Amino acid sequence: MRVVFFEPFAIYSPHFETCLEIMQCHISDGYSVTFIGCDATLPACEPNPKHDLAICLRCISRRNQGLQRLEGGEDIEYLSLTDLSSPPAGDITLTEWKFSDINELKKYKIKDNDIGMAVASTLISLYRTPTPDFASCRDVLINFLSAAYGTYYAFNCYLDNNKLDKLYLFNGRFSFLRSVLRSCQEHGVDCFVHERGCNFHKYSICCNTLPHDIKSFEKRLLESWNKVGDEERRSGAERFYHERAEGKDQSWFSFTAGQTKGLLPDNWQSDKLNLVIFNSSEDELAAIGSEWENPIYKDQFHGIKKIVSDLSERKEVHLYLRVHPNLKNVNNKSVTSLFEISSDNFTLIPADSKVCTYSLIRSADKIITFGSTVGIEAAFWGTVSILAGMSYYRNLGSVYLPRNHNELIEMALDDLSPKDTTGAFMYGYYFNSFGVDFKYFEPNGFGSGLFKGKKIKPSFMITALFLISRLPFLKSGFSKLVEVMQKSIIRIMINYSL
Numbered sequence: 206m207r208v209v210f211f212e213p214f215a216i217y218s219p220h221f222e223t224c225l226e227i228m229q230c231h232i233s234d235g236y237s238v239t240f241i242g243c244d245a246t247l248p249a250c251e252p253n254p255k256h257d258l259a260i261c262l263r264c265i266s267r268r269n270q271g272l273q274r275l276e277g278g279e280d281i282e283y284l285s286l287t288d289l290s291s292p293p294a295g296d297i298t299l300t301e302w303k304f305s306d307i308n309e310l311k312k313y314k315i316k317d318n319d320i321g322m323a324v325a326s327t328l329i330s331l332y333r334t335p336t337p338d339f340a341s342c343r344d345v346l347i348n349f350l351s352a353a354y355g356t357y358y359a360f361n362c363y364l365d366n367n368k369l370d371k372l373y374l375f376n377g378r379f380s381f382l383r384s385v386l387r388s389c390q391e392h393g394v395d396c397f398v399h400e401r402g403c404n405f406h407k408y409s410i411c412c413n414t415l416p417h418d419i420k421s422f423e424k425r426l427l428e429s430w431n432k433v434g435d436e437e438r439r440s441g442a443e444r445f446y447h448e449r450a451e452g453k454d455q456s457w458f459s460f461t462a463g464q465t466k467g468l469l470p471d472n473w474q475s476d477k478l479n480l481v482i483f484n485s486s487e488d489e490l491a492a493i494g495s496e497w498e499n500p501i502y503k504d505q506f507h508g509i510k511k512i513v514s515d516l517s518e519r520k521e522v523h524l525y526l527r528v529h530p531n532l533k534n535v536n537n538k539s540v541t542s543l544f545e546i547s548s549d550n551f552t553l554i555p556a557d558s559k560v561c562t563y564s565l566i567r568s569a570d571k572i573i574t575f576g577s578t579v580g581i582e583a584a585f586w587g588t589v590s591i592l593a594g595m596s597y598y599r600n601l602g603s604v605y606l607p608r609n610h611n612e613l614i615e616m617a618l619d620d621l622s623p624k625d626t627t628g629a630f631m632y633g634y635y636f637n638s639f640g641v642d643f644k645y646f647e648p649n650g651f652g653s654g655l656f657k658g659k660k661i662k663p664s665f666m667i668t669a670l671f672l673i674s675r676l677p678f679l680k681s682g683f684s685k686l687v688e689v690m691q692k693s694i695i696r697i698m699i700n701y702s703l
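Note that the sequence shown covers residues 206 to 703 in this note's numbering.
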């Protein structure tokens, strides 16, 4: 049995350690293992979008240190992307890349590879905005397209000429990682995508799809739910929601930990019809695919603006917008434009406000979300929850689903009862339990830990060279010399695993 691991960057922890974990399991089970790395070949990657060779050095060294920790690792076949085929010079595909905005980019495909959507997802995460300015990031855009297309071409050639049973990679939604997933799908090769689990002691795997695929998620949720009894379901779900309300870290940092428990806005009036809108940070899900497109509004801003406008004359109503705490350091148009919305019965609660999210949930008459977890949390706590976008929990039956804007306004004003909470319990149980326990990796936080008793980090020599390369006089006066030295060191590292 032959398995391939494509892990082009080793900067991210615990994701590289997760790759090592899965590799060690397969080596121990007798698989023939091939590892395909980057070796500074890609013109851009998510942790190094401007192809800083000093970062490449650290990445390669960390990768080498990690591979050396594998028992039986001497039998691993190592391939660099340079060992795979590259698009021929003058490839006509390269002349097609003329996009005026993010929407044009999202539509760009090569066969069944949604390469434009994948690159759009990368840019949106990189610049923390759903509408990156192509005029200012043109070079980065072209480099990510080149990386995605070059990887797609290389893996198509590789899979045409090599037989393997399965391939592993991280995340799958980013530029060239999604290209490899699509290439596997075209060739009928099982592609397993690893990601975080429900907490930092677990990792998750899904097969032949993005982790963000809603139908695939629903299938995994139902399988998990049906494996256990009522008591375990109930206790697991309750633990998930109670820990979130207490501000405890779970699969990621808690965004509400710094809020003041019980605090409501100064102008809160319990005799009003209090409607609280929670927006979302759009980085991760703005460029997954058509299933994540908002069925009602062009985007969150236009949705919020229209809701506020249509309810502005209702004196018995007060609207609050809780800006997602994850947006407190984001200063792009999608965030700043929210502060332009104005009405006598509208209050904006900034991202860094101490106002308590869970006091808002419990005190509101209804909440309106665009897909954030708060929507299903409100359903669990017994508050009427209206979903004005897409979400993992959309089809679980615990939130109201307006078909259009007018229906949403009717729901906001009508006397509604909370929906059945079964779906909320299913969601909570899954997110409290999903994933596989680490066997060889011992995490001590979200981004660090020990693999087989040792922290995986670049060698001392490479760390020293990295710090030296950051000295101001070298960066300004000797940048070309430093670049030549770095390229020479990279060639040595590939051969001698420094």
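We put the beta carbon where it would ideally sit given N, CA and C, even for glycine. Quick caveat: nothing in here was measured; it's all calculated off a predicted structure.
If you look at Val-579, you'll find it in the alpha helix (DSSP H) that goes 579 to 585.
Excluding the 5 residues flanking it on each side, Pro-530 has same chain C-beta neighbours closer than 6 angstroms at Phe-460, Ala-556, in chain order. At a Cβ-Cβ threshold of 8 angstroms, Ser-577 and Ala-583 do not count as neighbours. Between the beta-carbon of Ser-330 and that of Pro-248 there is about 18 angstroms, and that puts the pair past the 8 angstroms contact cut.
In this structure, the CA atom of Phe-551 is about 26 angstroms from the CA atom of Thr-336.
Using a C-beta cut-off of 8 angstroms, the segment 208 to 223 makes contact with the segment 359 to 374, since at least three inter-stretch Cβ pairs fall below that distance. The C-beta distance from Tyr-525 to Asn-479 rounds to 7 angstroms, short enough to fall under 8 angstroms. Separation of Asn-348 and Ile-216 (C-alpha to C-alpha, rounded to the nearest whole angstrom) is 19 angstroms.
Counted as a single uninterrupted DSSP element, the beta strand (DSSP E) harbouring Glu-647 occupies residues 646 to 648.
Asp-244 counts as buried, since at least 16 other C-beta atoms from the protein chains shown sit within 10 angstroms of its C-beta. Judged by DSSP in its simplified three-state form, Gly-654 adopts strand.
Leaving aside the five residues that flank Asp-306 on each side, the residues in its chain whose CB is nearer than 8 angstroms to its CB run, in chain order, Thr-336, Phe-339.
Between the segment 557 to 572 and the segment 466 to 473 there are three or more inter-stretch CB-CB distances shorter than 8 angstroms, so the stretches are counted as touching. The alpha-carbon separation between Gly-434 and Lys-314 amounts to approximately 45 angstroms. When beta bridges are read from the DSSP output, Phe-210 appears opposite Phe-240, Tyr-373. Taken atom to atom, the span from the alpha-carbon of Gly-494 to that of Tyr-502 is near 16 angstroms. Per DSSP, the continuous beta strand (DSSP E) segment holding Ser-409 begins and ends at 407 to 412. Taking C-beta atoms under 8 angstroms as the contact rule, Ile-546 and Val-522 fail to qualify, at a distance of about 15 angstroms. Taking 8 angstroms as the cut-off, the Cβ atoms of Cys-362 and Leu-289 count as close.
Counting along the chain, the unbroken beta strand (DSSP E) around Thr-574 starts and ends at 571 to 574. Around the beta-carbon of Cys-250, 16 or more other beta-carbon atoms lie within 10 Å, marking it buried. Under the three-state reduction of DSSP output, Arg-401 falls in the strand class. When C-beta atoms of the segment 428 to 443 are compared with those of the segment 619 to 636, three or more pairs fall below 8 angstroms, so the two segments count as touching. With the rule of 3 Cβ pairs closer than 8 angstroms, the segment 651 to 658 does not count as touching the segment 411 to 427. Leaving aside the five residues that flank Ser-542 on each side, the residues in its chain whose CB is nearer than 7 angstroms to its CB run, in chain order, Phe-506.
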